[in-house]
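For any residue, its number in this note's numbering is found by taking its place in the sequence shown, counting from 1, and adding 1063.
Here a beta-carbon is modelled for each residue, glycine too, at the ideal position from N, C-alpha and C.
Computed from a predicted structure; not experimentally measured.
Scroll down for the structure; my scribbles are underneath it.
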Amino acid sequence: MPSQRYFLIYSRFSLADQKAKIGSLALEDGTVSKLFQAFLTDTVSRFAGVVEASIRIVCGDEKELEYIRQAVPNFESRSYSGETQGDILKAAIDDVLSSGAKQVFVLDSSAPTAPARIVQSGFSLIEVFDNTFTIAPNERGGFYAFGLNSSRLNVLDGIDTTSLEGYEEIIGRICEFDASVYILNSWYSVNSVEDLIQLRGEVQTSDSFDNMLDATLEVLETIPEETLLPTEPKSKKS
1064 MPSQRYFLIY SRFSLADQKA KIGSLALEDG TVSKLFQAFL TDTVSRFAGV VEASIRIVCG
1124 DEKELEYIRQ AVPNFESRSY SGETQGDILK AAIDDVLSSG AKQVFVLDSS APTAPARIVQ
1184 SGFSLIEVFD NTFTIAPNER GGFYAFGLNS SRLNVLDGID TTSLEGYEEI IGRICEFDAS
1244 VYILNSWYSV NSVEDLIQLR GEVQTSDSFD NMLDATLEVL ETIPEETLLP TEPKSKKS
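If you want it as structure tokens, here you go:
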């Protein structure tokens, strides 16, 4: 019998391998790729015992799928085609809904420290209320997680999940359908050196993760201290 609940983790770490950067974050020697692989590994292991749902890791190309299967071989993973992240996620969600799933929640693996309670509350809302969307805004713009129990997937057409415009557009589309929208807690995705500094401080000083982010911390410890300095604004010439 197909699962009624699906938890999709969206991975994009091969993009780092191909372009050597995510957002404004660019590190040498493939470190960005290693970091996003660690994010994915830790995110999957953190939520595997917490979320009562089938877990599927999704991505946007076959090369990335090979990386994913090496990083987390014990979990189901698939690649989907699409011009934007929204298109890729639309295809993934459509796939699990067509197989019989009733609730789907998606988390971007670039937000590795997102609290489990956000995912749990997102699932609870779409389970209790029909025709409902839940969405979690990214503190820097866009959104890092969302859930739905409706087949109105055209809300995702052409959406850039990382941009403020993408967040505002998806909210507007959902409202046009007269569906209920629940805004979950905001969090941050790692897209810049500043984000990486915040992540390192959080992982190193918080006891709440209990070694659940070991892979991430291991890569962070290989990054030279001088690399993790806040970006200083360029002085204007007089």
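Check: To the nearest whole angstrom, what separates the beta carbons of Ala-1155 and Ala-1177, a pair I think is in contact under 8 angstroms?
Finding: The pair is not a contact, with the Cβ atoms about 19 angstroms apart (cut-off 8 angstroms).
Check: Which class does Arg-1075 belong to by DSSP, given the choice of helix, strand or coil?
Finding: Here Arg-1075 sits in coil by DSSP.
Check: So what's Lys-1299 in DSSP terms, helix, strand or just coil?
Finding: Bear in mind that the predicted position of Lys-1299 carries a pLDDT of just 41, short of 50, making it unreliable; the figure below should be weighed with that in mind. For Lys-1299, the secondary structure class from DSSP, reduced to helix, strand or coil, is coil.
Check: Within the chosen definition, does the region 1240-1254 reach the region 1193-1202 through at least 3 CB pairs nearer than 8 angstroms?
Finding: Taking a cut-off of 8 angstroms on C-beta distances, the region 1240-1254 touches the region 1193-1202, as three or more cross pairs fall below it.
Check: Alpha carbon to alpha carbon, what distance is there between Asp-1241 and Ser-1133?
Finding: With the sequence shown as reference, residue 1133 is identified as Gln, and Ser is not the correct amino acid for it. Whole-angstrom Cα-Cα distance: 42 angstroms.
Item checked: Helix, strand or coil at Leu-1351 [DSSP, three-state] -> Only positions 1064 to 1301 of the chain appear in the structure, and residue 1351 is not among them; the question remains open.
Checklist line | Boundaries of the beta strand (DSSP E) in which Phe-1186 is found, first to last residue | finding: Note, Phe-1186: premise wrong, no beta strand (DSSP E); alpha helix (DSSP H) at 1179-1191.
Check: Are the beta-carbon atoms belonging to Ile-1072 and Val-1121 less than 9 angstroms from one another?
Finding: Cβ distance < 9 angstroms, so Ile-1072 and Val-1121 count as in contact.
Next item on the list: Rank Leu-1188, Arg-1215, Asp-1277 by C-alpha distance to the C-alpha of Ser-1161 and give the top, closest one.
Entry: Among Leu-1188, Arg-1215, Asp-1277, the Cα nearest to that of Ser-1161 is on Arg-1215.
Check: When you compare only the Cα positions, how much space is there between Lys-1297 and Leu-1291?
Finding: Residue confidence for Lys-1297 is low, a pLDDT of 44 falling below 50, so the modelled location carries little weight; the figure read from the coordinates is stated next. Using only the alpha carbons, I get a separation of about 17 angstroms.
Notebook entry, point to check: Glu-1127: buried (16+ other C-beta within 10 angstroms of its C-beta) or exposed?
Noted result: Under this definition Glu-1127 is a buried residue.
Check: When DSSP labels each residue in this structure, what does Thr-1285 get in the three-state scheme?
Finding: If DSSP states are grouped into helix, strand and coil, Thr-1285 belongs with coil.
Notebook entry, point to check: Along the chain, where does the alpha helix (DSSP H) that runs through Ser-1140 open and close?
Noted result: In the DSSP assignment, Ser-1140 falls outside any alpha helix (DSSP H) and within the unbroken beta strand (DSSP E) covering 1139-1142.
Check: Relative to the alpha-carbon of Leu-1259, which residue among Ser-1173, Glu-1190, Tyr-1143, Asp-1220 has its alpha-carbon at the smallest distance?
Finding: Comparing Cα-Cα distances from Leu-1259 to each of Ser-1173, Glu-1190, Tyr-1143, Asp-1220, the minimum goes to Ser-1173.
Checklist line | Cβ shell of Glu-1265 (< 8 angstroms), same chain only, five flanking positions each side left out | finding: Thr-1176, listed in sequence order.
Next item on the list: Under 8 angstroms by Cβ, that's how I've got Ile-1118 and Phe-1099 pegged, so tell me the actual separation to the nearest angstrom.
Entry: 18 angstroms between Cβ atoms; not a contact.
Notebook entry, point to check: Does the count of Cβ pairs from the region 1278-1286 and the region 1177-1190 closer than 8 angstroms reach three?
Noted result: Touching, no.
Check: In three-state terms, what does DSSP make of Thr-1197?
Finding: DSSP places Thr-1197 in the strand class (E or B) of the three-state scheme.
Margin query: Taking DSSP's pairing of strands, which residues face Cys-1122 in a bridge?
Written below: Partner(s): Ser-1142.
Item checked: C-beta atoms of Glu-1115 and Gly-1221 nearer than 9 angstroms -> No, the pair does not count as a contact, with Cβ atoms beyond the cut-off.
Item checked: N- and C-terminal bounds of the beta strand (DSSP E) containing Phe-1206 -> Element bounds for Phe-1206: 1206-1211.
Next item on the list: Label Thr-1195 either buried or exposed according to how many other C-beta atoms from any shown protein chain fall within 10 Å of its C-beta, with 16 as the threshold for buried.
Entry: When all chains shown are included, Thr-1195 counts as buried.
Note to self: Taking the straight line between their C-alpha atoms, what separation do you get for Arg-1109 and Leu-1276?
What the structure shows: Straight across, the Cα-Cα distance linking Arg-1109 with Leu-1276 is about 8 angstroms.
Check: Between which two residues does the beta strand (DSSP E) harbouring Ile-1246 extend?
Finding: 1243-1246 is the extent of the beta strand (DSSP E) around Ile-1246.
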